[in-house]
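Structure, as C-alpha cells:
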Amino acid sequence: MWTTENRSRYDRSKLRYPSDLTDAEWGLVGPLIPPAKPGGNKRTIDVRQVVNGIMYILSTGCQWSALPKDLPPRSTVNNYFLRWQHDRTLDRLHHALYVQCRDKAERDASPTAAIIDSQSVKSAEKGGSTIGTAMTRARKSKARSAISWSTPRAC
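Per this note's numbering, the sequence shown runs over residues 42 to 196.
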C-alpha cells in the first residue's frame, strides 16, 4: 500500500535519472562488485556510475549509443556489462538481492511452491521443451526472382 512513508522511500525525483541507484541501494550492491584485477592499472572509473549506466540501459531499453553523456562512455559501460555477465557477477548480484528480498519478506530463500498453468502442462504432454524444434523450416519463395523475363533478351 502506498503510505506517506512508502512514497518517500521510493521517491526518485531527487536523482539525476530514475534508474540511478540511491545511497541505500548502492550500499547493497557496492560490496558485491568485484575489485579491480590485480597487477593492472588502478581503476579510474567510478563503478557506481558504471552500474548507473547499466541500469539506465536496462530501464529505458535504449541503444548503447544513446547513453547520456554525463554517464561513463558507452564502451566502458558495455565492457563492464559484458565482463560482469561473463564472470557471472550479475548472476551473483541478482541472487544475493533475491535472497535478501525473500528474507525481508520472512520467506525461505528458495520457494517451496510453484504454479503450473495449462500452457506448461500442454507442452509437457508433447514431450517437454520445444526450444530449437519449434522453428519451422524456411520455405522457398514462389515469387519470381529479381530478374525480369519480360524484357527482350539479346540474341
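Each residue gets a CB set at the ideal place from its N, CA and C atoms; glycine is no exception.
If you're wondering where the values come from, they're calculated on a predicted model, not measured in any experiment.
| Check | Outcome |
| --- | --- |
| Coil, strand or helix - residue 119 by DSSP | helix |
| First and last residue of the uninterrupted alpha helix (DSSP H) at residue 98 | 88-101 |
| Euclidean distance between Cα positions of residue 77 and residue 96 | 20 angstroms |
| Cβ-Cβ separation, residue 133 to residue 73 (assumed contact under 8 angstroms), whole Å | 6 angstroms |
| Touching by the beta-carbon criterion (3+ pairs, under 8 angstroms), the stretch 115-127 and the stretch 151-160 | no |
| is_contact[residue 139, chain B] using C-beta, thresh 9 angstroms | Absent from the structure: chain B. Only one protein chain is present. |
| First and last residue of the uninterrupted alpha helix (DSSP H) at residue 138 | 130-145 |
| Limits of the alpha helix (DSSP H) - the one that residue 64 falls within | 64-70 |
| Simplified DSSP state of residue 43, which is helix, strand or coil | coil |
| Sequence-distant residues of the same chain with beta carbon closer than 8 angstroms to residue 141, five excluded per side | 69 |
| Candidates 143, 128 and 109, of which the one nearest residue 57 by Cα | 109 |
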